[in-house]
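Protein chains: 2
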Amino acid sequence: FPAQVLAPKFSVCLLFFFPHVLSLCLGYHLFCAQSTPLLKSLYFPEILKLNEDPRVHGVCLHLPPASLTSRVLNTIKPEKDVDGISDLNMGRLVRGDMSKGFVPPTASAVMELLERHGEVQGRGGKTNDKVSQAQTPKPVDQLAEEIGLLPEELEAYGRTKAKVRLSMLDRLHAQPDGKYVLVAGITPTPLGEGKSTVTIGLVQALSAHLKLNSFACLRQPSQGPTFGVKGGAAGGGYAQVIPMEEFNLHLTGDIHAITAANNLVAAAIDARMLHEATQSDKALYNRLVPSVNGVRRFSPIQIARLRRLGIDKTDPGSLMPEEVSAFVRLDLDPSKVTWQRVVDTNDRFLRKITVGQASTEKGQMRETGFDIAVASEIMAILALADSLSDMKNRLARMVVGTSRSGQPVTAEDLGVSGALAVLMKDAIKPTLMQTLEGTPVFVHAGPFANIAHGNSSVLADKLALKLVGRNGFVVTEAGFGADIGMEKFFNIKCRASGLRPNVVVLVATVRALKMHGGGPNVSAGAPLPREYIDENLDLVAGGCRSNLRKQIQIAHLFGVPVVVALNVFKTDTQAEIDLVCQIAKECGASDAVPCHHWAQGGRGSLELAQAVNEATSRPNNFQFLYNLEIPIVEKIRTIAQKVYGADDIELSPEAKAKIDYYNQQGFGTLPICMAKTHLSLSHMPEKKGAPTGFILPIRDVRASIGAGFIYPLVGTMSTMPGLPTRPCFYDIDLDPVTEEITGLF
Amino acid sequence: FPAQVLAPKFSVCLLFFFPHVLSLCLGYHLFCAQSTPLLKSLYFPEILKLNEDPRVHGVCLHLPPASLTSRVLNTIKPEKDVDGISDLNMGRLVRGDMSKGFVPPTASAVMELLERHGEVQGRGGKTNDKVSQAQTPKPVDQLAEEIGLLPEELEAYGRTKAKVRLSMLDRLHAQPDGKYVLVAGITPTPLGEGKSTVTIGLVQALSAHLKLNSFACLRQPSQGPTFGVKGGAAGGGYAQVIPMEEFNLHLTGDIHAITAANNLVAAAIDARMLHEATQSDKALYNRLVPSVNGVRRFSPIQIARLRRLGIDKTDPGSLMPEEVSAFVRLDLDPSKVTWQRVVDTNDRFLRKITVGQASTEKGQMRETGFDIAVASEIMAILALADSLSDMKNRLARMVVGTSRSGQPVTAEDLGVSGALAVLMKDAIKPTLMQTLEGTPVFVHAGPFANIAHGNSSVLADKLALKLVGRNGFVVTEAGFGADIGMEKFFNIKCRASGLRPNVVVLVATVRALKMHGGGPNVSAGAPLPREYIDENLDLVAGGCRSNLRKQIQIAHLFGVPVVVALNVFKTDTQAEIDLVCQIAKECGASDAVPCHHWAQGGRGSLELAQAVNEATSRPNNFQFLYNLEIPIVEKIRTIAQKVYGADDIELSPEAKAKIDYYNQQGFGTLPICMAKTHLSLSHMPEKKGAPTGFILPIRDVRASIGAGFIYPLVGTMSTMPGLPTRPCFYDIDLDPVTEEITGLF
């Protein structure tokens, strides 16, 4: 036996002499065990013996996180586990009720920050990065320990972010879900009303102050706007995700993976059209099903296409000429290719382009365009998939265009769907980060909120609900106003996930309420009119009785209680705050409270946390707004009338034709994802409050078959932002010595 | 004092009672210390006292890897450090000669694989992924420990790859560099001759068999071709980088970061041209230098532009109208924008496109194109930068086009260079992976080998040379044949890095030699003619006496000894192998040996490893081929005559004009990066062997000012590959249950 193997016996000796010693130092022995299977087989029995030895008062393990497998952690009996030590060793995180593993962060970190830096005075770019950089995030493996993740479930990406493996869902499948809270908003001004900061403030309050396990689930921001008009997104003031620069830049590469997958489909489409245009059936067939060492074989993806064509053969030699032709020719109609390329850059010159102008492309040029990456259908799929195989199936089903004979052509027809799944295999794992106060955050997926459903991922919510346990809280956020983000959350995301929310938090600001009450126009870049700075109770009341009331009613359509969170600004007066809370409750909100998370962190959202906790005990009679089996037109009409307040809808001839086509193709039972402006409940951005008496025009109807929804276009949606004359990037810089980033937020 | 603080004193007591105890168990005390500054300040003095206490025989630390800072590790005196324990704690890796920390892997892993799977029989896609997946890579933190990296120098990206922080260079600045070996090749067939597998086989042999510290530095493969014709790249058979799927897909996101940075520049260019075309000087100035809370200020990047314009003012109000105009108008000539967009996808339809066709772009459409991402100048910069600040300066200097008055316009003029540095801040850190036998590999940068210099990064080589230590080996690889990759390695990369190679390994295959000796055409996809399967000594000899001899001579131009590595195929006969080795030595090679790494791993490259080790003792009189101060035309002529064997060069009028322009702009002293076919020493791909009597035509001359070279175009270079009728992706799939990838290699 080498010396190390003898060590545990020797350590036991130590305990005999010093029975008051609480910990048994097996340290270096276990380090060795990690790398040597022989030792591993030896130390497990040793620990089991120590468990039973009455003279041993306690055992502690010193192991690198990577070797703390559940087997190791479950080896020590709870009563032998030394308090304080096991905290650091995570020993207690995997025994018994998993949710016990969740260690809510303490409020001290942000309190210290507040002491050092004081309350955040203004709301401007500059303050955020200072607050963010002043706080050092805890190492992500420590965060993972605190929330009960096993080391083998974590894939660190640097020190402050990590992907979480989906195997965790299997391990905790018997664990009851926590409470599920949706943060939505009233119809916003163009400046945004702070749903993300409310989300972060709320989990900080629940966690550090009420000591309830909690988790925020956020969307990954697009990198394009970070360098354009908007700047970074991650909450603000003392309610942020840190480090903000990681959150706002490449993160763990999910959007890059989506870009790669999306553009591989695009390249496959154009290359295939070129090859079909320039080759005979026979030449195409010889290339698509080549003879390798004298043997011709269909690949599995080709067999799948044959099945869809109704050809039940597996021998490439046995196809009739017309079968060969059907097999080799997707026969895409160039004018009916709906698939666009994407970049994660605000590049307006790519909105409409002509491709294929080089002589090598033999005149096959056509008009197309690029969207911003987060507008890709693959992003919507990532957000809605509930497993790797579900994602793979959705990717295969994506319709990229229509053949000349009117048949939908899918990614699987192109032979590319396996490659897409490979490109997306890591993107499907949610990214773990933390708030300024150390509360865990999942950042995962960020689909557009108009042409897609605008919600973070189903998988992040599911993982978080297991991690927080029965009494914990998962707070997730829906894009835009409740008429859009929340409606889609319920009708699309909840259908896909099977999850049911307990409470809706509806975010309002005095600024937006005044706008809805008749205040002057608010626009980005322009100075705010006086009405928004001085007290004006009439405007506030007007906004509450129109837009806020309507948005509360929308949540009630789904049978879910509403807590109104008033995101307080420095200019808001107490009378204005009180008025909002009073009217909100009159309008049916379970509660309505002011929030001061921007200036005070979680402490500023304590009231909201209490109100949300309270509201979860209210009756909740969740129901969908419409049945999937009713006709597409009826589904659109239901949303228009019940949610937007329209009298009716009006379909363009194009929209009608598309609906007929989708019905005929069997897509009629998909849910609806309205592509509508977020600046009004109606389709007219300038109509504030709660407009009535309008007819909602449906200009066109499109479909994301892989993501699984039909999206009617109400007006024109830009899917590619531009850069202003002086983009944010003018102020963004990196100090090459300190590596500090400035100007990003 | 809390209990923990008392612990060290108590532990010292233990030692008094048990003087035979070799380790002092400070374990849980130091765990606590990690998180509490108070305790931290207490335990350092404790350890220092223990260092001096003659009764203490040894000290061991039990700390999670994250807290093993160099301060902690340097605290214990070497003589108090307990053997065996410190091995695991990495304590000894930072004391004395750093290279001692390097633990060469043992050969057992691949031996076991060989036993289980046997030698790789064929060279086809299918075998590689089976071999790759049969071997479990060691955890990257373990690999990092073995090679002497400190935990704080590592940023893990999942379990099997990690970025290494550049701070390591500062820590080891006093450490002598290891031996520096370049792997280059003879002029290849279109099938490639296996430089990467030779590189990997060589480090495996040096490391596991000769027990010499060694490191391979490889280029990151482009993701585009992985899904196109080529399939994945990472060596093959038993000489691979694992896991191959990580190596071939997103890796740690460097190419994605380059894509994002490159396309931000492109978006900035077009948006700026639009804004300049549609706004007055005054309006532009008001937007570029806006009044924020009544104050107008130039950003630092704007001040830099003012300086370049010769305007020494800092108050925005003090500029004369003509100064305002000069400041706000880059006045880019749309027909002289040289910056292209990029995607990491083989998308041939993007080779030539028209952008700006949407009505929002107001008719400012223009023709441009996309390159594959690795062709971006930013990739060349990443490969040549030797620090973060060097990279930032190079990014700022990039010339994106020419103004109407003929002035170069840079990324800094666009105001975007700080943002580019921010986007690239992680990409600059090399990625650590491993070979099948556990030898460390840096994967970093992969610039094109024709329009750029085709070598992996300067920084990866520098880091690796420090890590292996004085007697260790770093093997780095140059793209294409020695006439291209090696020439650029010497004249461009070595100039940038200041490093000098000890040996060149010149890779040849019997197949390529037969082609150069007069064998029939070899092309991808077509069956190999009989000459390449049957023994044919005449063809072999012809190839050796033409191309091989010439490539050896080229290396000797630089004063570096050459070892010829014959990458042996199953069809090669012993007589052919012997003939190659014999002639190679006659032609001046220090040695020439056959390699069997494909079939046998490192064991198959033992002879090569010995020959390389031997050659490092040969005299080495490194010299550059040309002096930077001679005129551009002379530099081009020198390369054409001395390296390619041309009689002379012939410049097109366009090339002449460009050279005049570059001279006038002060770019005349940059090195030359020839963009020439790799399939011949000449500009004519069909001319094999060692062509003579030709005039090299220079069609055009371009410049990568940020990367720092002038690149003359010899013929037409495609910078965007296409997809074939049946791309690789047809066979690529992901099993959603096992997560296993098939068909990638």
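If you read the protein sequences in the order shown, they are chains V and X.
Quick note: the first sequence uses my numbering, first residue 1, plus one each step.
Quick note: the second sequence uses my numbering, first residue 1001, plus one each step.
From the three backbone atoms N, C-alpha and C, an ideal C-beta is built for every residue, glycine too.
Since we're looking at a predicted model, the values are computed, not measured.
For a cutoff of 9 Å on Cβ pairs, would you count Pro221/V as touching chain X? For the purposes of this step, residue 221/V is identified with residue 221 of the first sequence, where counting begins at 1. No, because no Cβ of chain X sits closer than 9 Å to the Cβ of Pro221/V.
Neighbourhood of Arg394/V by C-beta, 8 Å cutoff - its chain only, sequence neighbours within 5 removed: Indexing the first sequence from 1 puts residue 394/V at position 394. Excluding positions up to five away in sequence, the list reads Ile381, Leu384, Ala385, Gly706, Ala707, Gly708.
Which listed residue (Pro1190/X, Thr1278/X, Ser1682/X, Met1379/X) has its alpha carbon closest to that of Ala1452/X: The residue given as residue 1452/X occupies position 452 in the second sequence. That would be Met1379/X, whose Cα lies nearest to the Cα of Ala1452/X.
What is the DSSP secondary structure of Gln1223/X, reduced to helix, strand or coil? Residue 1223/X sits at position 223 when you count from the first residue of the second sequence. The answer is helix: DSSP assigns Gln1223/X an H, G or I state.
The region 1538-1551 of chain X in contact with the region 1713-1722 of chain X per 3-pair CB rule at 8 Å: no
Exposure label - Leu1734/X; buried when at least 16 CB within 10 Å: Counted from its first residue, the second sequence places residue 1734/X at position 734. It is buried - the Cβ of Leu1734/X has at least 16 other Cβ atoms within 10 Å.
With a threshold of 9 Å between beta-carbons, can Thr259/V be considered close to chain X, or not? Counting from one through the first sequence, the residue named residue 259/V turns up at place 259. Thr259/V counts as touching chain X.
Should the region 554-563 of chain V be called in touch with the region 529-536 of chain V, which here means at least 3 C-beta pairs below 8 Å? no
Should Asp1483/X be labelled buried (16 or more other beta-carbon atoms within 10 Å of its own) or exposed? Taking the first residue of the second sequence as position 1, residue 1483/X is located at position 483. Label assigned to Asp1483/X: buried.
Contact list for the region 317-349 of chain V against chain X, Cβ threshold 7 Å: Val343, Asp344, Thr345, Asn346, Asp347, Arg348, Phe349
Would you say the region 1633-1653 of chain X touches the region 1512-1528 of chain X, given that touching needs at least three Cβ pairs under 8 Å? no
Run through the DSSP bridge pairs and tell me what Thr189/V is partnered with. One-based indexing of the first sequence puts residue 189/V at position 189. In DSSP, Thr189/V forms no bridge with anything.
If we cut at 9 Å on Cβ distances, does Asp731/V have a partner in chain X? The residue labelled residue 731/V in the question sits at position 731 within the first sequence. By this cut-off, Asp731/V is an interface position.
Any Cβ of chain X within less than 9 Å of the Cβ of Leu143/V? Position 143 of the first sequence holds residue 143/V. Judged by the 9 Å Cβ criterion, Leu143/V is not in contact with chain X.
Quick one: what's got a C-beta closer than 8 Å to Cys1013/X's C-beta in the same chain, skipping five residues either side? For this step, residue 1013/X is matched to residue 13 along the second sequence. In this prediction, Cys1013/X scores a pLDDT of 27, lower than 50, which makes its location untrustworthy; the coordinate-derived value is nonetheless stated afterwards. None.
Tell me which same chain residues have a C-beta within less than 6 Å of the C-beta of Leu1713/X, skipping the five on either side of it? The count along the second sequence starts at 1 and reaches residue 1713/X at position 713. If we look at Leu1713/X and ignore the five residues flanking it on each side, its Cβ neighbours are Ala1675, Arg1699, Asp1700.
Element boundaries [beta strand (DSSP E), containing Thr1431/X]: One-based indexing of the second sequence puts residue 1431/X at position 431. Run containing Thr1431/X: 1431-1435, per the beta strand (DSSP E) assignment.
Close-in-space but distant-in-sequence residues of the same chain around Glu153/V (CB under 7 Å, 5 per side omitted): Indexing the first sequence from 1 puts residue 153/V at position 153. Counting only Cβ-Cβ distances below 7 Å, and skipping sequence neighbours, we find Val164, Arg165, Ser167, Met168.
Could you please give the first and the last residue of the uninterrupted beta strand (DSSP E) stretch that includes Leu154/V? Position 154 of the first sequence holds residue 154/V. Unbroken beta strand (DSSP E) run through Leu154/V: 154-156.
Between Ile1269/X and Leu1414/X, which are expected to be in contact by the criterion C-beta below 8 Å, what is the C-beta distance as a whole number of angstroms? Numbered from its first residue, the second sequence carries residue 1269/X at position 269. Numbered from its first residue, the second sequence carries residue 1414/X at position 414. Right, their Cβ atoms sit about 7 Å apart.
Would you mind reading off the limits of the alpha helix (DSSP H) that contains Val1422/X? The residue labelled residue 1422/X in the question sits at position 422 within the second sequence. Segment 1417-1423, the alpha helix (DSSP H) holding Val1422/X.
The alpha helix (DSSP H) spanning Ser196/V covers which residue range? One-based indexing of the first sequence puts residue 196/V at position 196. First-last of the alpha helix (DSSP H) with Ser196/V: 195-204.
Excluding the 5 residues preceding and the 5 following Glu487/V in the sequence, name in chain order all residues of the same chain whose CB lies nearer than 8 Å to its CB. Here residue 487/V corresponds to residue number 487 of the first sequence, with the count starting at 1. The answer, listed in chain order, is Ile554, Leu625, Ile639, Val643, Met674.
Whose CA, out of Pro501/V, Leu218/V, Asn346/V, lies closest to the CA of Val229/V? Taking the first sequence and counting its residues from 1, one reaches residue 229/V at position 229. The residue with the shortest Cα to Cα distance from Val229/V is Asn346/V.
Does any CB atom of chain X fall closer than 9 Å to the CB of Ile698/V? The residue you call residue 698/V lines up with position 698 of the first sequence. For Ile698/V, the answer is no, since every Cβ of chain X falls outside 9 Å of its Cβ.
Under the three-state reduction of DSSP, which class applies to Asn1213/X: helix, strand or coil? One-based indexing of the second sequence puts residue 1213/X at position 213. Three-state result, Asn1213/X: coil.
Suppose you measure from the CA of Ile1301/X to the CA of Thr199/V; what does that come to, to the nearest Å? Looking up residue 1301/X in the second sequence gives position 301. Looking up residue 199/V in the first sequence gives position 199. Spanning the two alpha carbons is a distance of roughly 36 Å.
Less than 9 Å between the beta carbons of Glu1437/X and Gly1604/X, yes or no? Here residue 1437/X refers to the residue found at position 437 when the second sequence is read from its first residue. Here residue 1604/X refers to the residue found at position 604 when the second sequence is read from its first residue. Not in contact: Glu1437/X and Gly1604/X (Cβ atoms no closer than 9 Å).
Compare the Cα-Cα distances from Gly192/V to each of Lys362/V, Gly479/V, Asp315/V and report the closest residue. Position 192 of the first sequence, counted from the start, is the residue given in the question as residue 192/V. The shortest Cα separation from Gly192/V among Lys362/V, Gly479/V, Asp315/V belongs to Gly479/V.
Distance, Ala260/V Cα to Gly1344/X Cα: Locating residue 1344/X in the second sequence gives position 344, where the first residue counts as 1. Locating residue 260/V in the first sequence gives position 260, where the first residue counts as 1. Reading off the sequence, residue 1344/X comes out as Asp, not Gly. Distance between the alpha carbons of Asp1344/X and Ala260/V: 7 Å.
Is DSSP giving Ser1680/X helix, strand or coil here? Position 680 of the second sequence, counted from the start, is the residue given in the question as residue 1680/X. Reduced to three states, the DSSP call for Ser1680/X is coil.
Between Leu670/V, Met684/V, Ser456/V, which has its C-alpha nearest Asn491/V's C-alpha? In the first sequence, the residue the question calls residue 491/V occupies position 491. Among Leu670/V, Met684/V, Ser456/V, the Cα nearest to that of Asn491/V belongs to Leu670/V.
Between which residues of its own chain and Pro1724/X is the CB-CB distance below 6 Å, once the five residues before and five after are set aside? On the second sequence, residue 1724/X is found 724 positions in, with the first residue counted as 1. The answer, listed in chain order, is Val1229.
Using a Cβ-Cβ cutoff of less than 6 Å, which residues in the same chain neighbour Phe1215/X once the five nearest sequence positions on both sides are dropped? Here residue 1215/X refers to the residue found at position 215 when the second sequence is read from its first residue. Result list for Phe1215/X: Pro1440, Ala1464, Val1468, Val1474, in chain order.
What are the partner residues of Ile1698/X, as DSSP defines its beta bridges? On the second sequence, residue 1698/X is found 698 positions in, with the first residue counted as 1. Paired residues: Leu1651/X.
Where does Arg726/V land, buried or exposed, given buried means 16+ other C-beta within 10 angstroms? Numbered from its first residue, the first sequence carries residue 726/V at position 726. Burial call: buried.
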